[in-house]
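Going by the working numbering, the first residue of the sequence shown is number 108, and it counts up by one from there. Ideal Cβ placement from N, Cα and C applies to all residues, glycine included.
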Amino acid sequence: MNILVTGGCGFIGTNFIRLMRKHHPDWSIINLDLLTYAGNRTNLLDLEQAPETAQGGNYIFAQGDIRDPRYVSELLTAHHIQAVVNFAAESHVDRSINDPSPFVTTNVQGTQNLLECSRKFGVQRFVQVSTDEVYGSLGPEGAFTEMTPLAPNSPYSASKAGADLMVRAYVETYGLDAVITRCSNNYGPYQFPEKLIPLMFTKARNQEPLPIYGDGSNVRDWIYVDDHCRGVELALLKGRTGQAYNFGGQAERSNLELVKTLLDQLECPHSLIHFVKDRPGHDQRYAMDFSLAEKELGFTPQMTFEQGLQRTLNWYRDHSHWLEQVQSGAYRSFMDQWYGER
Ligand code: NAD
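Written out as structure tokens, the structure is:
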């Protein structure tokens with residue numbers, strides 16, 4: 108199969124491409140990425156250096172924008188693309204509060220452009236990688252199902268919900284063969300250090316205060332990135348046209364619980380925890396009912412939270428050069444400004 112993966116130089120895209128090379132060494136994978144602050148081409152440098160596999164597979168990096176109709180059309184036709192998996196997005200909630208515009212252009216307009224080009228050039232399968240955040244927030248009980256109404260609360264989640272609805276429209280209006288995956292919070296190697304776990308790792312390693320929003324009671328479900336990638340793979344290969352599938356890690360933790368576990372695993376004191384002013388519109392709790400994906404796709408998460416966290420922290424410990432490299436001046440100034448105001 109010839110597959111276009113967008114956003115493959117980001118956190119989940121990188122892990123997805125690595126897993127697909129293992130599971131399907133005969134696939135040709137074209138990675139379209141704009142290389143924003145969150146994209147790191149060197150994540151997959153080893154694949155660029157040895158792109159061809161013994162089984163006839165290939166890896167090609169293409170720098171470009173999912174919003175660019177000419178470039179996307181060119182890639183789809185030149186590489187005879189059969190499937191598109193769209194990871195490319197502006198993905199950080201705090202940044203969306205600071206400035207929502209790139210979230211609308213990349214997440215909504217960019218997805219629409221990919222759908223339109225896919226329709227025009229006969230792509231056989233389209234997978235839109237979405238998030239549990241499109242469902243809004245939960246009280247202490249219950250879990251989101253695929254039937255839960257969309258009720259996004261941040262500019263980020265609103266833009267992802269907009270993209271999901273655009274996918275639905277392309278299925279209903281043009282008969283495009285598309286599916287949507289909605290997943291809870293991912294963690295694992297290659298995650299950009301503005302996200303909770305690598306941020307807390309970096310702070311703890313430097314013996315700096317660990318900032319936690321509000322009282323730390325907000326609950327998230329955590330999934331190891333490879334489990335999510337397996338879910339996307341299953342949706343790509345077996346998903347029902349037009350269907351959305353929830354994926355979760357069966358690991359609900361409050362932010363405070365999570366940070367305490369992380370400090371324990373790093374043998375750092377809890378006194379490093381520092382509560383900061385809450386984020387506006389901060390959702391209280393997300394939880395995923397993924398029984399549909401279990402039943403229709405055979406999905407189950409394989410990694411427990413404690414195992415996955417240990418593996419992730421070990422990876423960051425062994426890849427300190429990676430962390431230093433991605434913490435550029437632009438990254439540092441956003442983080443200093445954001446937390447400095449809190
Ligand atoms: P990320 O921010 O690490 O990576 C995003 C990638 O997209 C980067 O490589 C960036 O360069 C690229 N990109 C951004 N704008 C682009 C554009 N206009 N054209 C081409 N490339 C562009 O994000 P991530 O955490 O890997 O998330 C990937 C996807 O999964 C996103 O769609 C996100 O909404 C979704 N998701 C993430 C999580 C999570 O916990 N991280 C959970 C559920 C769903």
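Give me the Cβ distance between ILE119 and ASN138, rounded to the nearest whole Å; I'm assuming they're in contact under 8 Å. Not confirmed; about 13 Å, so no contact.
Take the Cβ of LYS384 as the centre, count every other Cβ of all protein chains shown within 10 Å, and call the residue buried at 16 or more, exposed below. exposed
Helix, strand or coil at ILE319 [DSSP, three-state]: strand
Kindly indicate which residue of ALA400, GLY229, ASN220 has the alpha-carbon position closest to the one of GLN189. Ranking ALA400, GLY229, ASN220 by Cα distance to GLN189 puts GLY229 first.
Could you name the residues of the same chain whose beta carbon sits closer than 6 Å to that of GLY269, not counting the 5 residues immediately before and after it, in chain order? VAL215
Can you give me the start and stop residues for the alpha helix (DSSP H) that CYS336 sits inside? For CYS336, the enclosing alpha helix (DSSP H) stretches over residues 332-345.
Can you tell me whether ALA196 is buried or exposed, with buried defined as 16 or more other CB within 10 angstroms of its CB? buried
Coarse secondary structure for SER266, derived from DSSP in three states: helix
Between which two residues does the alpha helix (DSSP H) holding ASN260 run? No alpha helix (DSSP H) holds ASN260; DSSP gives it neither H nor E.
Report the rounded CA-to-CA distance for CYS375 versus GLN357, giving the unit in angstroms. 26 Å
Coarse secondary structure for TRP134, derived from DSSP in three states: Coil at TRP134, not helix or strand.
May I ask you to check if the CB of SER244 is nearer than 8 Å to at least one heavy atom of ligand 1? no
Cβ of LYS367 within 9 Å of any chain D Cβ: Included in the structure is just one protein chain, with no chain D present.
Taking ILE110 and ILE136 to be in contact with their CB atoms under 8 Å, please state how far apart those CB atoms are, rounded to whole angstroms. Confirmed, about 6 Å.
Check the C-beta distance from TYR352 over to VAL286 and give it rounded, since I have them as a contact under 8 Å. 7 Å
For the segment 358-401, list the beta strand (DSSP E) runs that are entirely contained and at least 3 residues long, ordered along the chain. 359-361, 380-383
Taking ASN214 as part of the alpha helix (DSSP H), name the residues at either end of that continuous run. Where ASN214 is concerned, there is no enclosing alpha helix (DSSP H), given that its DSSP letter is neither H nor E.
contact_flag[the segment 231-240, the segment 261-276] where n(CB pairs < 8 Å) is 3 or more: yes
Kindly identify the DSSP beta-bridge partner or partners of ASP478. The requested residue 478 is not part of the displayed model; the chain covers only 108 to 449.
So, under 8 Å CB-CB, VAL366 and MET307 are touching, yes? Tell me the CB distance rounded to an integer number of Å. Approximately 6 Å separates the beta-carbon atoms of VAL366 and MET307; this is inside 8 Å, confirming the contact.
Is any heavy atom of ligand 1 found at a distance shorter than 8 Å from the C-beta of ALA196? yes
Please name the residue in SER266, PHE354, VAL278 whose C-alpha comes closest to that of SER291. PHE354
Going by Cα to Cα distance, which pick from ASP201, THR184, SER225, GLY164 is closest to ASN193? SER225
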